[in-house]
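A.B. asks:
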Amino acid sequence: MSFPSPNRDLHADLAEHLKWWGLRRFESDEAYFQWQRATLSPGDLVELNRLAEQKRASGHAAAEIAFYDRAADARILPVLYSQRFDYYAAVGPLIAERIAEQMARSRSGAGSNLSVLDFGCGIGLLTTFYARQFPSLSFVGVDRSPASLALGRERAGARGLGNVRFECLDLHQTALPGTYDLILSTQALLQAELDPGLPSKDWTTFERAIDAAAQSGFEERTGLGARLDHLCGALASDSHLILFEKTRQLARRVPFQRALAARGLRPLVPPVPIRYQVVEEVADDGPLYVLGRSSCEAGSAGFNELDWDETPEPIEEGELFRCRGTAAESVYKRLPERVVIREAAWADSQAGAVRAEWGRFAGVLAYLYLTVGDGFHGILVGREGSGQGLDCRIGRCLIDHERDREGGRLGLLLEDAWLCSVGEEDPAHALLYENHTVCAQAIWTLLQGLPGRTVLRTASGGTPDGGQRHVELGVMSGQGLVYLYQATTFDQRQLVLVERERAALLEAYYQELMSEGAPASQ
7 MSFPSPNRDL
17 HADLAEHLKW
27 WGLRRFESDE
37 AYFQWQRATL
47 SPGDLVELNR
57 LAEQKRASGH
67 AAAEIAFYDR
77 AADARILPVL
87 YSQRFDYYAA
97 VGPLIAERIA
107 EQMARSRSGA
117 GSNLSVLDFG
127 CGIGLLTTFY
137 ARQFPSLSFV
147 GVDRSPASLA
157 LGRERAGARG
167 LGNVRFECLD
177 LHQTALPGTY
187 DLILSTQALL
197 QAELDPGLPS
207 KDWTTFERAI
217 DAAAQSGFEE
227 RTGLGARLDH
237 LCGALASDSH
247 LILFEKTRQL
257 ARRVPFQRAL
267 AARGLRPLVP
277 PVPIRYQVVE
287 EVADDGPLYV
297 LGRSSCEAGS
307 AGFNELDWDE
317 TPEPIEEGEL
327 FRCRGTAAES
337 VYKRLPERVV
347 IREAAWADSQ
357 AGAVRAEWGR
367 FAGVLAYLYL
377 TVGDGFHGIL
387 VGREGSGQGL
397 DCRIGRCLID
407 HERDREGGRL
417 GLLLEDAWLC
427 SVGEEDPAHA
437 LLYENHTVCA
447 QAIWTLLQGL
457 PGRTVLRTAS
467 GGTPDGGQRH
477 VELGVMSGQG
487 LVYLYQATTF
497 DQRQLVLVER
507 ERAALLEAYY
517 QELMSEGAPA
527 SQ
């Protein structure tokens, strides 16, 4: 049997594989689009935009096939697929590791004879990578784009891969031939990216009702139900599914998981959410599922079957508001009723003078303010932790600043803590706090229990996507804060705080939301 050894660098192997396909990794939009314009003609770009819009607007198989057939052109492929370089780099090694685990757990020493189906394989970029990693396995790539598959066959031949073949079929017209020991699907089962999913019971909760009609409607309009039925029909008796779809949003994750559960599938290992770059943008995707059919099969394969989880995804330090530069200086100076809890100052061997200050403000929130040399100012704002100020990863590391002074790790800590943060914006518009995650509801709930809270304006009602939306503008007179909170039944949350002297900012934002179609004010 052929497994990637524990010391084998799958990431390096995949990077070489992507380069062989002609893909490049870019860190800036400017560099990417400069290469795009130098490689493709204006006519190419106009046609690709037309096909992409046609695919997005119609949702029909013919439009999708037309786009991907054109994308398989030898000149166009490297440019388009390079946008997804980090997607391949993140997902490919994870799936390869799980294929290896499946081989190791396979019963009766049959691991070297496993058959693997890659559903929606496209040009076969990852299919050929898996085939190279596991030469003893038999791979079949299935897609409905003839040009993509023709390119996959050509590249597999160029690599000398005799253990992979590609078949063109549309599951809406033709069933999958045979059965497979392992089925892979990455962003192919649930392609209806604009479908919001299933709404929660109301805007105050993340729970979904058990609604058979709504679930059936979701599976039908997205095509998920029919595709899943075909894949399940191609599963061998003790085979597994490895799925990675765009279901990070709870409103899409819940009906996706319910569709899987209704077909007797259960997670065998904890699902893995994945974050990767799309050039300059950050994409939160997945999660990656490894699924089996029954408890007895899971146990015999060495897995412990898990329950489906329909709660919001835990976000490490998700409630923190991160701000740097002149905006951080402005926020720090404007914190109402600021009380210092702890201070520390030292000289870092590489960064220079460092000063850290932990404190609380307005009696309910905590902060960490950090300055490094003459060039860095950063602030983190969130809930107070156990009376010790803001509890955060960088704060715990800074407390042990002696170790950081010797190790020179401060630069990495700063990059980690303020990577996704508000930067050099107009200080006059810098907010004291803003959160767009599920954590916003926890902070809003905390504010509700404080004395002096007054709701100034509120609006609740239906939205065009069939959900509900609530918008609330209020003041915390005892804390000197004004807040705006909004929540929808599709799990969107937002909480914004400013000091009372700048209440006009949130009043203007509230009016803007009303003009954009929010429910009528009450």
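Taking the numbering used here, the leading residue of the sequence shown gets 7, the next gets one more, and so forth.
Glycine residues also receive a C-beta, built at the ideal position from the N, C-alpha and C atoms.
Do L256 and P279 have their C-beta atoms within less than 9 angstroms of each other?
C.D. replies: Locating residue 256 in the sequence shown gives position 250, where the first residue counts as 1. Locating residue 279 in the sequence shown gives position 273, where the first residue counts as 1. Taking 9 angstroms as the Cβ cut-off, L256 and P279 do not qualify as a contacting pair.
A.B. asks: Skipping 5 residues on each side, what residues in its chain have a beta carbon closer than 6 angstroms to that of Q492?
C.D. replies: Residue numbering aside, residue 492 sits at position 486 when the sequence shown is read from its first letter. V477, Q500.
A.B. asks: Report the option in V170, D19, D79, A164 whose CA atom is closest to the CA atom of L46.
C.D. replies: Stepping through the sequence shown from its first residue, residue 46 is reached at position 40. Of the listed residues, the one whose Cα sits closest to L46 is D79.
A.B. asks: Check for me: the beta strand (DSSP E) holding T377 runs from which residue to which?
C.D. replies: Sequence index remark: in the sequence shown, residue 377 carries index 371 (1-based). It spans 371–378 - the beta strand (DSSP E) in which T377 sits, taken as one unbroken run.
A.B. asks: Roughly how many angstroms lie between the CA atoms of S88 and W41, to the nearest whole one?
C.D. replies: As a position in the sequence shown, residue 88 is number 82, starting the count at 1. As a position in the sequence shown, residue 41 is number 35, starting the count at 1. Whole-angstrom Cα-Cα distance: 11 angstroms.
A.B. asks: Check this for me: beta carbons of L57 and R76, under 9 angstroms apart or not?
C.D. replies: In the sequence shown, the residue the question calls residue 57 occupies position 51. In the sequence shown, the residue the question calls residue 76 occupies position 70. Taking 9 angstroms as the Cβ cut-off, L57 and R76 qualify as a contacting pair.
A.B. asks: If we call anything under 9 angstroms between Cβ atoms a contact, is A359 one with V337?
C.D. replies: Start at 1 with the first residue of the sequence shown, and residue 359 comes out as number 353. Start at 1 with the first residue of the sequence shown, and residue 337 comes out as number 331. Going by C-beta atoms, A359 is not nearer than 9 angstroms to V337.
A.B. asks: Using the beta-carbon count (16 or more within 10 Å), is E412 buried or exposed?
C.D. replies: Here residue 412 corresponds to residue number 406 of the sequence shown, with the count starting at 1. Bear in mind that a pLDDT of 48 at E412, under 50, signals an unreliable position, so the number given afterwards is only what the model happens to contain. With fewer than 16 other Cβ atoms within 10 Å, it is exposed.
A.B. asks: For T134, does the count of other Cβ atoms within 10 angstroms reach 16, so buried, or fall short, so exposed?
C.D. replies: Counted from its first residue, the sequence shown places residue 134 at position 128. Buried, since its Cβ has 16 or more Cβ neighbours within 10 Å.
A.B. asks: If we define contact as Cβ-Cβ less than 9 angstroms, is E335 a contact residue for chain B?
C.D. replies: Of the protein chains in the structure, only one exists, and it is not chain B.
A.B. asks: Distance check for E440 and V285, CA to CA, integer angstroms please.
C.D. replies: Taking the sequence shown and counting its residues from 1, one reaches residue 285 at position 279. Taking the sequence shown and counting its residues from 1, one reaches residue 440 at position 434. Taking the straight line joining both Cα atoms gives about 25 angstroms.
A.B. asks: Could you name the residues of the same chain whose beta carbon sits closer than 8 angstroms to that of F91, not counting the 5 residues immediately before and after it, in chain order?
C.D. replies: The sequence position of residue 91 within the sequence shown is 85, counting from 1. Within the same chain, F91 has close Cβ partners L24, L29, R30, R31, F32.
A.B. asks: Do you know offhand how far D124's Cα is from R366's?
C.D. replies: Locating residue 124 in the sequence shown gives position 118, where the first residue counts as 1. Locating residue 366 in the sequence shown gives position 360, where the first residue counts as 1. The alpha-carbon atoms of D124 and R366 are separated by roughly 53 angstroms.
A.B. asks: Suppose you measure from the CA of L376 to the CA of Q283; what does that come to, to the nearest Å?
C.D. replies: Counting from 1 along the sequence shown, the entry for residue 376 is found at position 370. Counting from 1 along the sequence shown, the entry for residue 283 is found at position 277. Approximately 27 angstroms, taken between the alpha carbons.
A.B. asks: Would T451 and Q474 qualify as a contact pair, given that the criterion is a beta-carbon distance under 9 angstroms?
C.D. replies: Counting from one through the sequence shown, the residue named residue 451 turns up at place 445. Counting from one through the sequence shown, the residue named residue 474 turns up at place 468. No; because the gap between Cβ atoms is not below 9 angstroms, this pair is not in contact.
A.B. asks: State the CB to CB distance for the pair S34 and G126, rounded to an integer number of angstroms; the pair is presumed to be in contact (CB under 8 angstroms).
C.D. replies: One-based indexing of the sequence shown puts residue 34 at position 28. One-based indexing of the sequence shown puts residue 126 at position 120. In fact, because the Cβ distance is near 30 angstroms, the residues do not count as touching under 8 angstroms.
A.B. asks: Is it buried or exposed for K207, if we count other Cβ within 10 angstroms and need 16 for buried?
C.D. replies: For the purposes of this step, residue 207 is identified with residue 201 of the sequence shown, where counting begins at 1. Looking at its Cβ environment, which holds fewer than 16 other Cβ atoms inside 10 Å, K207 is exposed.
A.B. asks: On the three-state DSSP scale, how would you describe P141?
C.D. replies: Counting from one through the sequence shown, the residue named residue 141 turns up at place 135. Three-state DSSP puts P141 in coil, outside helix and strand.
A.B. asks: Based on the DSSP secondary-structure assignment, which residues constitute the bridge partners of K252?
C.D. replies: Locating residue 252 in the sequence shown gives position 246, counting from the first residue. DSSP lists G292 as partners of K252.
A.B. asks: Among the residues of its own chain, which have a CB less than 6 angstroms from the CB of G270, if the five just before and after it don't count?
C.D. replies: For this step, residue 270 is matched to residue 264 along the sequence shown. So the qualifying residues of the chain are R299.
A.B. asks: Touching or not, the stretch 481–492 and the stretch 332–352, by the rule of three or more beta carbon pairs under 8 angstroms?
C.D. replies: Because the criterion of three Cβ pairs below 8 angstroms is met, the stretch 481–492 and the stretch 332–352 touch.
A.B. asks: Between the beta-carbon of L479 and the beta-carbon of R459, is there less than 9 angstroms?
C.D. replies: Stepping through the sequence shown from its first residue, residue 479 is reached at position 473. Stepping through the sequence shown from its first residue, residue 459 is reached at position 453. No, the Cβ-Cβ distance between L479 and R459 is not below 9 angstroms.
A.B. asks: When burial is assigned at 16 or more other CB atoms within 10 Å of the CB, is L86 buried or exposed?
C.D. replies: Taking the first residue of the sequence shown as position 1, residue 86 is located at position 80. Classification of L86: buried, given that the 10 Å Cβ count is 16 or more.
A.B. asks: According to the Cβ coordinates, are G384 and L420 closer than 9 angstroms?
C.D. replies: Here residue 384 is taken as the residue at index 378 of the sequence shown, counted from 1. Here residue 420 is taken as the residue at index 414 of the sequence shown, counted from 1. A contact, by the Cβ cut-off of 9 angstroms.
A.B. asks: Alpha carbon to alpha carbon, what distance is there between P277 and L4?
C.D. replies: No statement about residue 4 is possible, as the shown extent of the chain runs from 7 to 528 and does not include it.
A.B. asks: So, is V370 buried or exposed, given that buried needs 16 or more other C-beta atoms within 10 angstroms?
C.D. replies: The count along the sequence shown starts at 1 and reaches residue 370 at position 364. So V370 ends up on the buried side.
A.B. asks: At a cut of 8 angstroms, does the stretch 215–235 reach the stretch 152–166 through at least three beta carbon pairs?
C.D. replies: They do not touch, by the three-pair rule.
A.B. asks: Which class does W352 belong to by DSSP, given the choice of helix, strand or coil?
C.D. replies: To locate residue 352, count along the sequence shown from 1; it is residue 346. W352 falls in the strand class under three-state DSSP.
A.B. asks: Among the residues of its own chain, which have a CB less than 7 angstroms from the CB of R171, if the five just before and after it don't count?
C.D. replies: Translated into positions along the sequence shown, residue 171 becomes position 165. Contacts found: V146.
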